[in-house]
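Colleague: Residue numbers (this note's numbering), protein chains in the order written: chain A, 1227 to 1467; chain B, 913 to 1060. Each residue gets a CB set at the ideal place from its N, CA and C atoms; glycine is no exception.
(1) Alpha helix (DSSP H) containing residue 934 of chain B: first to last residue?
(2) Considering only residues of the same chain and omitting the five flanking positions on each side of residue 992 of chain B, which have a CB-CB separation below 7 Å?
(3) Residues of chain B with CB under 7 Å from residue 1300 of chain A, in chain order?
(4) Beta strand (DSSP E) containing residue 1031 of chain B: first to last residue?
(5) What residue range is occupied by the uninterrupted alpha helix (DSSP H) comprising residue 970 of chain B?
(6) Report the residues of the region 1389 to 1400 of chain A with a CB closer than 8 Å to any CB of chain B, ordered along the chain.
(7) Which bits of chain B does residue 1383 of chain A rub up against, with CB to CB less than 9 Å?
(8) Any idea what DSSP makes of residue 1371 of chain A, helix, strand or coil?
(9) According to DSSP, simplified to helix, strand and coil, what is residue 1258 of chain A?
(10) As a quick exercise: from A:1294, A:1380 and A:1359, pick the residue whose alpha carbon is nearest that of residue 1307 of chain A.
(11) Give the straight-line distance between the Cα atoms of residue 1320 of chain A and residue 1405 of chain A, rounded to the nearest whole angstrom.
(12) In terms of residue numbering, what span does the alpha helix (DSSP H) encompassing residue 1008 of chain B cover?
(13) Against residue 1292 of chain A, what residues of chain B qualify as contacts under a CB-to-CB distance less than 7 Å, listed in chain order?
(14) Please determine if the region 948 to 967 of chain B and the region 983 to 1000 of chain B are in contact, where contact requires at least 3 C-beta pairs separated by less than 8 Å.
(15) Output yes or no for whether 8 Å exceeds the beta carbon distance between residue 1300 of chain A and residue 1355 of chain A.
(16) Report back the beta-carbon spacing between residue 1271 of chain A and residue 1298 of chain A to the nearest angstrom; my notes put them in contact at under 8 Å.
(17) Could you tell me whether the Cβ of residue 1443 of chain A comes closer than 8 Å to any Cβ of chain B?
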């Protein structure tokens, strides 16, 4: 599969210990990419997240730096954005723009080039890594503050961030025509819930509340400004147990 | 020693401590950078003056969501209109303004490989949690009353 062709085999879990200290987690294929190869690690990580999320997130380290998980999130998330943008262009060409139904005004005319046409497509593709990066930080901040409010943030901000980065694996489902975006979005939520439960050692109900409540109450629409503010609160309180 | 007592020693008698943690994530700087980018985007593209609502919650219920007014607050902050920003969404405006000193502190510490972190003892953490929930609820009530 990869340049070196070696398959990732997580080490066997440590035997149960009477100590209360948390056991070290074996790691993910992506964080072992130096040994098993970049492409192998990318493919294997994506497959494991998509098909065996519980075991993946149980083995995911909750510390050790955000660079690796962020790189994974950017790569897979960008792929999803690019595929979705291409599909949108194709359907727009076939069916016409839905943006036109929003009416006409100076403001709309100003932003129209950013939403439609080849220029919009190029912008989306070029800026996709930046949007994915910003999105990961903002979404993590929002979810983490809800975890704090629900008493579920047993590990730090980094644990939540890592879960969100690896949950980006759902973005590959954008390759499904027509309903790929919907499936991808829904599965991202499922992965995030499973991941948060595993990373923070909390119940899936608490994890689900932390992921779903922002969708209902914050709407996740207001340009990220409010979300940043909530993110600030999350980070300031990042040591709350 | 109990966990509570150990936490009190770590955080001091007030129940909280600001620490420059070696190797910590400079989250304040990251979020402040994102806020600056967002402010520039909102101001340059006039995203605070869209002729339609982008809030699904408001569209569906007629009530503002807890972050409605944040984009307009961000635009006002970009133009240094602090009162206007606070009127649009007090909690969002306060949070975004808090990012400035936090981000600056993180940037100052970055050269030494450290990041600012607030550590709370158990009692302070409980109080902070209650305060955050109360602030979000009060902010939302204000948004509904003000018709944001």
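Modeller: From the atom records:
(1) Unbroken run through residue 934 of chain B is the beta strand (DSSP E), 928 to 934; no alpha helix (DSSP H).
(2) none
(3) Here the premise fails: no neighbours, minimum Cβ distance about 14 Å.
(4) 1026 to 1032
(5) 968 to 973
(6) none
(7) 937 and 939
(8) helix
(9) helix
(10) A:1359
(11) 16 Å
(12) 1002 to 1022
(13) 937
(14) yes
(15) yes
(16) 6 Å
(17) yes
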